[in-house]
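Asker:
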């Protein structure tokens, strides 16, 4: 990590021979190394801490002296597993979470890499260096849904180039963890390279048994955030994994999983916490890492333990504890002034030695980013008129006596197969007498193929909606009326990506997401919150029965969660590893 303060200068400040730039006086320092609360002064020079102790240090007319009487002086919070693409973008997310005390985020690069490739993503990393706070990356080894040419796109040579960058601290979660269980050499080669470079290997092992976890740990995975019970978390901890406790919009797991600490009384030295990419409304109402600390303490975790998990533990896991995670001489100056150990809402935030936020307001400038400069993939490579053909959206079904496999939503993201008898009209399934069943089509951005499904319990009554917000970022179209589905799809194409809902012949939701089809380019986090709330409200009014629409859309097109999935190869049965209805080539069978 690059710093501006020289070691000799820090020594001089510590000895009183050089004036400090900032002095925090009279506060109670949260010493996450020793687990003590100590009344001490803290001196900062440039971007680093020079002194922590009881004596007075040298000041001059330029020194900022902060009276911290009655305050707790805490290290800045660290989010070790962020997804900066849940409608918000890296800049708008930083603008929101930095005033909440999160001075370091470690971010998944999936959709940036999918759309930019290695050169564009490297340029993005370089341009974001000027963000206030620390913005690190974990790089994917594969996508969340297999697609033609995937392994060429995720060439290990390119991934290893990125791993050489200081801002890249490791490899990102492999959601398709059976590949690791099977010892796939394509993945293991890069994991070995990451290990040799001293980088971490993040993991994702949802539904993985203790016995299978042995193989995942042996593959080199350093950490996992997918435990949803205290027992599952204990399995990961016992097998040497850093165990990241999650509380997020999709999985608000703390009330159960925190029992690992409050009841099982395990050592917390290898436990961290994550929000795991919550939707904008969750951050607005529940907070970010500050919310994790707050919730953990509410559930019985001692304040010091909660703060350690959000600071030094995360830094140690990331192998960054020589630089961040605690308040000590020589560390970078990421410091919060907390009025209490209940709300954990900072009144002042210092990042890299600069005051960047006060009383929840961002003070630091944000970079102006030209988001279009990185994109190597064009949004769509076909004329929007091709979307008028209603046969794109209908499910092929020529024999009424044969049941149709329907994707039934058991929860926000878990589905199961239901075989439903449906009439056939002109070679397609007729849904007109089956309320709650909807057509779904995943259309290739290049206009080469379409994959199809029928959904149940996604919603009761949607004329048509279209979204590039999904794991593949292809054009996902859902509804009961092909004409309305076509209208929604065409509007998303016109916007260059986004989400549109059509009802009664008019758009009731229109969310432009031109940046990779996943993110707004607006630097205001409030815009992302508004978009999310409008979409969730509109779909719940139309029968969406769950709480997190963004993750339902995101994972509908993945290939690693139980049930049926709509992926680039067709309608996929995950458990059986079987394509039930192959994708159709558009030029041959659908569009004349």
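Numbering (my numbering), first residue to last: 115 to 706. C-beta: ideal position from N, C-alpha, C; glycine also. Only a predicted model underlies this, so the values are computations on that prediction, with no experimental measurement involved.
Could you compute how far the alpha carbon of residue 334 sits from the alpha carbon of residue 327?
Answerer: So the alpha carbons of these two residues sit roughly 11 angstroms apart.
Asker: On the criterion of 16 or more Cβ atoms from any shown chain inside 10 Å, does residue 539 qualify as buried, or is it exposed?
Answerer: Exposed, by the Cβ-count rule.
Asker: Please list, in chain order, all residues of the same chain as residue 676 whose beta carbon is under 8 angstroms from its beta carbon, the five residues on each side excluded.
Answerer: Within the same chain, residue 676 has close Cβ partners 321, 528, 529, 530, 688, 689.
Asker: List the DSSP bridge partners of residue 450.
Answerer: DSSP output for residue 450 lists 188, 463 as bridge partner(s).
Asker: Thinking just about the alpha-carbon of each residue, which of 271, 573, 116 is nearest to the one in residue 667?
Answerer: Considering only alpha carbons, the answer is 573.
Asker: Three-state secondary structure (DSSP) at residue 221?
Answerer: Strand at residue 221.
Asker: Quick one: what does DSSP say residue 480 is sitting in, helix, strand or coil?
Answerer: Reduced to three states, the DSSP call for residue 480 is coil.
Asker: Compute the Euclidean distance between the alpha carbons of residue 212 and residue 507, then round it to the nearest angstrom.
Answerer: In a straight line, the C-alpha of residue 212 is about 43 angstroms away from that of residue 507.
Asker: Starting from residue 572, trace the beta strand (DSSP E) both ways and give me its first and last residue.
Answerer: Unbroken run through residue 572: none, as it is neither H nor E.
Asker: Cβ of residue 230 within 9 angstroms of Cβ of residue 488?
Answerer: The answer is yes: Cβ separation under 9 angstroms.
Asker: Tell me the DSSP secondary structure of residue 654 in three-state form.
Answerer: Here residue 654 sits in helix by DSSP.
Asker: Which residue marks the beginning of the alpha helix (DSSP H) containing residue 395, and which one marks its end?
Answerer: Its alpha helix (DSSP H) spans residues 394-400.
Asker: Would DSSP call residue 538 helix, strand or coil?
Answerer: Note: residue 538 maps to strand in three-state DSSP.
Asker: Do you know whose CA, among 135, 503, 532, 633, lies nearest residue 518's CA?
Answerer: Checking every option, the nearest Cα to that of residue 518 belongs to 532.
Asker: Expressed to the nearest angstrom, what Euclidean distance is found between the alpha-carbon atoms of residue 255 and residue 611?
Answerer: Straight-line Cα distance between these residues: approximately 25 angstroms.
Asker: When burial is assigned at 16 or more other CB atoms within 10 Å of the CB, is residue 702 buried or exposed?
Answerer: Residue confidence is low: residue 702 scores 48 on pLDDT, short of 50, so the model does not pin down where it sits. Its coordinate-derived value is still stated next. Under this definition residue 702 is an exposed residue.
Asker: So, with DSSP's three-state summary, where would you put residue 404?
Answerer: In this structure, residue 404 counts as helix in the three-state DSSP scheme.
Asker: In or out: residue 115 buried (at least 16 other Cβ within 10 Å) or exposed?
Answerer: By the 10 Å Cβ count, residue 115 comes out exposed.
Asker: Using the rule of at least 16 other Cβ atoms within 10 Å of the residue's Cβ for burial, across every protein chain shown, is residue 149 buried or exposed?
Answerer: By the neighbour-count rule (16 or more Cβ atoms within 10 Å), residue 149 is not buried but exposed.
Asker: Around the Cβ of residue 493, are there at least 16 other Cβ atoms within 10 angstroms (buried) or fewer (exposed)?
Answerer: Buried.
Asker: One question on the structure: do residue 479 and residue 358 come within less than 9 angstroms of each other, judged by their Cβ atoms?
Answerer: No.
Asker: Which of the three DSSP states, helix, strand or coil, is assigned to residue 116?
Answerer: Coil, per DSSP.
Asker: Mind checking which residues open and close the alpha helix (DSSP H) that includes residue 370?
Answerer: It spans 368-371 - the alpha helix (DSSP H) in which residue 370 sits, taken as one unbroken run.
Asker: Sorted by chain position, which residues of the same chain lie with C-beta nearer than 7 angstroms to residue 319's C-beta, five sequence neighbours on each side aside?
Answerer: 291, 327, 330, 338, 340.
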